Each structure stands twice: as structure tokens, then as C-alpha cells.
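Engineer: Residue numbers (my numbering): 571 to 693.
Cβ coordinates follow ideal geometry from the N, Cα and C atoms, glycine included.
The model shown is predicted, which means the values in this text are computed figures rather than measured ones.
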């Protein structure tokens, strides 16, 4: 089992797909990393040699910001927006969509479950 950037890569998958399990690495970046480390994208994780794993690990550590460091950087930038009181920061603080989506309908992912409105009693 290969462990890169603190993540156990799934054994049966191709290495180009398995690298996307690391936070901050998508399909395009995975291809770049494999090219720099000179590893074939068709190779399965279980078939990786130890020297290939070391090359991948070193390439990712030297050139890319992934996992914990990236999560910290993203949360710090959101915190900075909230601290200086920008519009985007206020939307983050209120838990509303940040990028201009409509909120009259939809946006349930950000707003959460619908709350009940107090029932009025008719006399």
C-alpha cells in the first residue's frame, strides 16, 4: 500500500486516479506529477515499485501544496475575508452561497434544512 502526503492510496486503482484521493490533486495535476516522476499512468498502485513511490512522494512534497497545508491556507483566506468584512466574508459568516447564486429557491446545501414557520391558529 502506498502512503503519499499522509493518505493511503487505494490499492486496486490506477495511479492517475489514486492520486486524486489526495486533497488538492485533481486529474490534470495528477498527470503532471506522473510525468515529472516518470511513472506510467496505467500502473496500478499495487504494482508500484518502491523507488517510484519515493519519486512521487518527493515530487509532491517539493512542488505542490496539498492536504493539511492547503486546507490551512484555504481556511486562513476565508477567515481573512470574514475579518476584514468583505461581502464574500459576510456570506461565509452567514452560511449563505458566496458566488452569486440565487437564494429565494435552492441553496439548501448552504442554508441547511428548512425551518418550520410558526403555525397561525384561526379563530
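1. For residue 627, which of 684, 673, 658 and 575 has the nearest alpha-carbon?
2. Name the DSSP bridge partner or partners of residue 578?
3. In or out: residue 643 buried (at least 16 other Cβ within 10 Å) or exposed?
4. By the DSSP assignment, the alpha helix (DSSP H) with residue 647 in it spans what residues?
5. Could you work out which residue in 665, 668, 662 and 571 is closest to residue 614 when comparing CA atoms only?
6. May I ask you to report which of helix, strand or coil DSSP gives residue 584?
7. Using only CA atoms, which one of 688, 573, 691 and 692 lies nearest to residue 630?
8. For residue 658, does the three-state DSSP call read helix, strand or coil?
9. Would you decide whether residue 654 is buried or exposed? Buried here means 16 or more other CB atoms lie within 10 Å of its CB.
10. Around the Cβ of residue 618, are there at least 16 other Cβ atoms within 10 angstroms (buried) or fewer (exposed)?
11. I'd like the span of the alpha helix (DSSP H) that includes residue 685, first residue to last.
12. Relative to the C-alpha of residue 607, which candidate in 648, 624, 680 and 616 has its C-alpha closest?
Structural biologist: Judging by the given coordinates:
1. Nearest to residue 627 by alpha-carbon distance, out of 684, 673, 658 and 575, is 575.
2. 573
3. With fewer than 16 other Cβ atoms inside 10 Å of its own Cβ, residue 643 counts as exposed.
4. Segment 637-654, the alpha helix (DSSP H) holding residue 647.
5. 571
6. strand
7. 573
8. helix
9. exposed
10. buried
11. That residue, residue 685, is in no alpha helix (DSSP H); it is neither H nor E in DSSP.
12. 624
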